[in-house]
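*Asks:* Quick note: the sequence shown, position 72, residue 72 per UniProt numbering, numbers continuous.
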Amino acid sequence: MTGLMQGKRGLIMGVANDHSIAWGIAKAVAEQGAELAFTYQGEALGKRVAPLAQSLGSNLVVPCDVEDLASVDAVFDTLDKAWDGLDFVVHAIGFSDKSQLKGPYVDVTTRENFSRTMVISCFSFTEIAQRAAKRMRNGGSLLTLTYGGSTRVMPNYNVMGVAKAALEASVRYIANDLGPAGIRCNAISAGPVRTLAGAGIADARLMFTYQKAHSPLRQNITIEDVGGAALYMLSDLSRGVTGEIHYVDSGYNIISMPRPEVLKA
Ligand code: NAD
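(1) Does the structure place the region 131–146 close enough to the region 40–60 that three or more beta carbon pairs sit under 8 Å?
(2) If the criterion is Cβ atoms closer than 8 Å, does the pair Ser124 and Leu234 meet it?
(3) Less than 7 Å separating the Cβ of Thr146 from some heavy atom of the ligand NAD?
(4) Is the Cβ-Cβ distance between residue 312 and Gly10 less than 8 Å?
(5) Residue ranges of each alpha helix (DSSP H) run of no fewer than 4 residues wholly in the region 38–81, ordered along the chain?
(6) Cβ of Ala22 versus every heavy atom of the ligand NAD: is any distance shorter than 7 Å?
(7) Determine, using beta-carbon pairs with one atom in the region 98–105 and one in the region 21–31, whether at least three such pairs fall under 8 Å.
(8) From the DSSP output, in three-state form, read off Val89 for me.
(9) Do Ala22 and Gly14 count as a contact pair if the criterion is CB distance below 8 Å?
(10) Is Leu145 near Ala187, with beta carbons less than 8 Å apart?
(11) Assuming Asn253 contacts Gly161 (C-beta within less than 8 Å), just tell me the rounded distance between them.
(12) Would you mind sorting Glu168 into buried or exposed? The rule is 16 or more other CB atoms within 10 Å of its CB.
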């Protein structure tokens, strides 16, 4: 097979099922010749991820809970046994207590869940970058997923928005630190997608409807849309790009107020 990702090996973290954004990315890069390894969180998800991985020709499917650093190290130990290097990593991991993705941020957020959300949704990317960079001997590409609730207030996104803001700042610091080694670090800021994680946010259905109606392209995005942008970020096509937050949101982020005809209706 020939393709943009021919000869590249990558780790995909965050597939829960075939609706996951990470799955859209995995399909896009595998189609272009990438060789993939996958992580899954817990045995129940493992049963879903293994056949998906196999359908893309991958038998490297490893458990990983980023709250447990030993399991993160075990992933890289497994990769070391199978591969002599690494070219890219996709970090599509996010979590917060669902009960705090509802109501006013200032009232519902606890110290415990704030810390847990930050570790899983933000700092895990840094810990993975630390380990991945050591294996990227010919440069590489690190990619994480964020959401526009990092820079603008989205109802109920709450502590996830705060964690995504920190994640986006991490992208810039990591990009600067690893740039001299030829390792790039970017994020895709995806519009709302119907996934397990997306369903955890209160009134997610209204977010889909609103962003579809008010985005320039008047459509919700798909995991294949994110896959296309990720292929660019993970391949040499984006070799001059690092530290970037790239929106794949039908253009919603550029809009200020709804169109007059909508307001008058
Ligand atoms: P998803 O539920 O399919 O994926 C989330 C993944 O995070 C799951 O695979 C889950 O197992 C993993 N995860 C959670 N806690 C973990 C832990 N402790 N250790 C290891 N893995 C853990 O949902 P998704 O929407 O595809 O989410 C992927 C990423 O995209 C997340 O960072 C999310 O915030 C981001 N994102 C989602 C949307 C959306 O609307 N769905 C929009 C923008 C960004």
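Where a beta carbon is used, it is the ideal one built from N, C-alpha and C, also for glycine. These numbers come from a predicted model, not from an experiment.
*Replies:* According to the structure shown:
(1) They do not touch, by the three-pair rule.
(2) The criterion of a C-beta distance shorter than 8 Å is not satisfied by Ser124 and Leu234.
(3) Under cutoff, so the answer is yes.
(4) Summary: the structure shown does not reach residue 312, with the chain confined to residues 1 through 265, and so no result is reported for it.
(5) Annotation: the region 38–81 contains the following complete segments of the alpha helix (DSSP H) (minimum length 4 residues), in chain order: 43–55.
(6) With a cutoff of 7 Å, Ala22 counts as near the ligand NAD, since its C-beta is closer than that to a heavy atom of the ligand.
(7) No, they do not touch.
(8) The DSSP-derived three-state label of Val89 is strand.
(9) Yes. Within cutoff.
(10) Yes, these two residues count as a Cβ contact at 8 Å.
(11) Not really, about 14 Å apart at Cβ, beyond 8 Å.
(12) Buried, because 16 or more other Cβ atoms sit within 10 Å of the Cβ of Glu168.
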